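The structure appears below as structure tokens.
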Amino acid sequence: MENINKNRLFYASCVALLVTSMTFAIRARLETVFGPEGVGLTLEQIGWAFTPAFWGFTIAMIIGGPLVDSLGIKKITWMAFITHAIGIVWTILAKDQTSLFLATLFVGIGNGMVEAALNPMIASMYTNNKTKMLNRFHVWFPGGIVIGSLVGWLIMDVMGLGWQIMVGVLFIPLIIYGFMFLGQNFPVTERVQMGVSNNKMIASLGKPLFIFMVLCMFLTAASELGTTQRIESLLKESVAVPLLVLAFINGIMALGRAFAGKVIHKLQPAGMLLFSAIFTFIGLWLLTITSGGMTFAAAAVFAVGVTFFWPTMLGFVAEYLPETGALGLSIMGGAGMLSVSVVLPVMGKLMDNANAMEALRTMSILPAILIVAFIGLYVYMKKRKPNTQEA
7 MENINKNRLF YASCVALLVT SMTFAIRARL ETVFGPEGVG LTLEQIGWAF
57 TPAFWGFTIA MIIGGPLVDS LGIKKITWMA FITHAIGIVW TILAKDQTSL
107 FLATLFVGIG NGMVEAALNP MIASMYTNNK TKMLNRFHVW FPGGIVIGSL
157 VGWLIMDVMG LGWQIMVGVL FIPLIIYGFM FLGQNFPVTE RVQMGVSNNK
207 MIASLGKPLF IFMVLCMFLT AASELGTTQR IESLLKESVA VPLLVLAFIN
257 GIMALGRAFA GKVIHKLQPA GMLLFSAIFT FIGLWLLTIT SGGMTFAAAA
307 VFAVGVTFFW PTMLGFVAEY LPETGALGLS IMGGAGMLSV SVVLPVMGKL
357 MDNANAMEAL RTMSILPAIL IVAFIGLYVY MKKRKPNTQE A
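And the structure:
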């Protein structure tokens with residue numbers, strides 16, 4: 007990789023992911039702005055207005071995945087920058103469900119393009135430490151949610167300023183990552199490096215192990231993001247400032263991902279995923295029976311569970327199914343975000359018609375299913391011959 011500044015590209019990628027993750031925290035805070043006590047939308051309507059953040063992300067990843075190989079990582083990265091900028095401006099101008107929907111769509115496309123371009127870039131730059139470096143990269147997803155949560159709390163709840171100023175803060179990391187990527191040489195994807203043909207890549211997507219991982223991604227992402235994205239409504243009766251619980255959860259996640267290397271070495275990806283599913287289930291169940299200060303204890307258990315889900319799912323595919331290429335990683339990420347787009351309106355309807363605890367109890371079913379699935383994966387990987395990529 008001649009004339010490629012790996013460190014600058016990696017750090018620029020982290021700032022780009024910071025923009026992505028801050029949009030999640032800020033959008034969670036916007037729920038009360040546009041909700042029944044603000045603009046007047048129902049929680050179900052807000053759920054529908056927020057869904058493009060997830061299926062827009064999915065479309066961007068599914069389209070961006072194969073384009074990363076043909077157009078190159080650099081062009082997809084700049085597409086992310088442009089759509090992020092449009093989405094932020096449109097959010098500031100949003101006044102109703104339709105405008106919020108369209109703003110969220112552009113933000114979602116920008117977020118999807120970030121992951122479509124930068125997950126395979128990091129896998130191609132660090133071929134011997136894929137899961138470790140993807141976990142370090144994804145430190146900035148929970149890290150950004152912590153920052154976004156604190157920004158929302160400080161600007162709106164402490165300083166009493168308008169929500170438009172809170173959204174406008176997103177321009178700071180946006181300009182930084184644009185500057186850091188400017189003029190840089192980008193690597194080609196690992197699939198291109200390996201010389202894997204399009205036909206072989208497409209064929210590899212039909213492997214049972216890959217299909218199994220895609221199905222599990224639906225449940226891991228929904229367990230994590232479905233819960234955290236609606237934290238304001240889910241915990242408003244349990245704790246005074248739900249956004250601080252969100253910051254607390256994601257602070258734990260950021261620390262866990264920063265030191266993921268030792269855990270990966272000890273448990274291996276399949277073991278990490280089983281560990282995650284167990285703690286996520288326990289955490290969600292505890293959130294249904296706690297209030298006040300104990301909510302933070304339950305949230306800590308939940309955070310330990312979801313910490314390794316997203317990057318380890320991607321790392322597993324990058325390590326054991328590398329021939330699926332950037333498209334494989336994009337399908338994984340897209341499946342995860344698509345599942346959240348389905349879950350959000352369902353959760354909104356449950357909260358409109360029943361209560362938040364019912365929504366949390368329903369969500370706990372997902373990691374319960376994952377416990378069974380990942381026990382099977384762990385046993386399968388133990389029996390599998392070392393270093394084989396066939397499944």
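Take any residue in the sequence shown, note its place counting from 1, add 6, and you have its number in the numbering used here.
We put the beta carbon where it would ideally sit given N, CA and C, even for glycine.
Nothing here was measured: the structure is a model prediction, and the numbers come from that model.
Segment contact: the stretch 348-364 against the stretch 62-74, fewer than three CB-CB distances shorter than 8 angstroms; contact not assigned. By alpha-carbon distance to residue 109, the top candidate from 120, 102, 103 and 97 is 97.
Just so you know, the alpha carbons of residue 222 and residue 9 end up roughly 39 angstroms apart. A check of alpha carbon separations from residue 181 across 131, 94 and 239 identifies 94 as the nearest. Nearest to residue 155 by C-alpha distance, out of 282, 344 and 257, is 257. In terms of Cα proximity to residue 388, the closest of 273, 178 and 342 is 273. When C-alpha distances from residue 183 are compared across 18, 239, 251 and 378, the shortest belongs to 18. Short of 6 angstroms from the beta carbon of residue 342, and not among the five residues preceding or following it, lie these beta carbons of its own chain, in chain order: 223 and 227. Closest in alpha carbon position to residue 231, among 87, 123, 360 and 314, is 314. Nearest Cα to residue 311 within the set 283, 386, 134 and 63: 283.
In the structure shown, the three-state DSSP call for residue 16 is helix.
Pairing residue 240 with residue 202, the inter-Cα distance amounts to about 46 angstroms. In this structure, residue 197 sits near residue 332, with a CB-CB distance shorter than 8 angstroms. Where residue 125 is concerned, the enclosing alpha helix (DSSP H) starts and stops at 103-131. Counting the other CB atoms within 10 Å of its CB gives residue 145 a total of 16 or more, which places it among the buried residues. Using a Cβ distance threshold of 8 angstroms, residue 235 and residue 63 do not count as a contacting pair. Membership of residue 9 in any alpha helix (DSSP H) is not indicated, and neither H nor E is assigned to it by DSSP.
Annotation for residue 149: 260 place their beta carbon closer than 6 angstroms to its own, counting only its chain and skipping 5 residues before and after.
Distance between residue 177 and residue 106, taken at the CA atoms: about 18 angstroms. With respect to the 8 angstroms criterion, residue 89 and residue 115 are classified as neighbours on the basis of their beta carbons. A direct Cα-to-Cα measurement between residue 215 and residue 337 gives close to 14 angstroms.
Under the three-state reduction of DSSP output, residue 290 falls in the helix class.
The DSSP-derived three-state label of residue 158 is helix.
Distance from the CA atom of residue 306 to the CA atom of residue 143, rounded to whole angstroms, is 22 angstroms.
Cβ contact annotation for residue 294 (same chain, cutoff 6 angstroms, sequence separation greater than five): 363, 366 and 367, in chain order.
Under the three-state reduction of DSSP, residue 213 is assigned to coil, being neither helix nor strand. Burial state of residue 157 is buried, judged by a 10 Å Cβ sphere holding 16 or more other Cβ atoms. Membership of residue 186 in the alpha helix (DSSP H) is indicated by the continuous run 177-187. Excluding its 5 nearest sequence neighbours in each direction, residue 383 has C-beta neighbours in its own chain below 6 angstroms: 276, listed in chain order. The beta carbon of residue 218 is closer than 8 angstroms to those of 379 and 383 in its chain, skipping five residues each way along the sequence.
Cβ neighbours of residue 26 within its own chain (closer than 6 angstroms, five residues either side excluded): 117 and 120. Cβ atoms of residue 159 and residue 24 stay farther apart than 8 angstroms, at about 17 angstroms.
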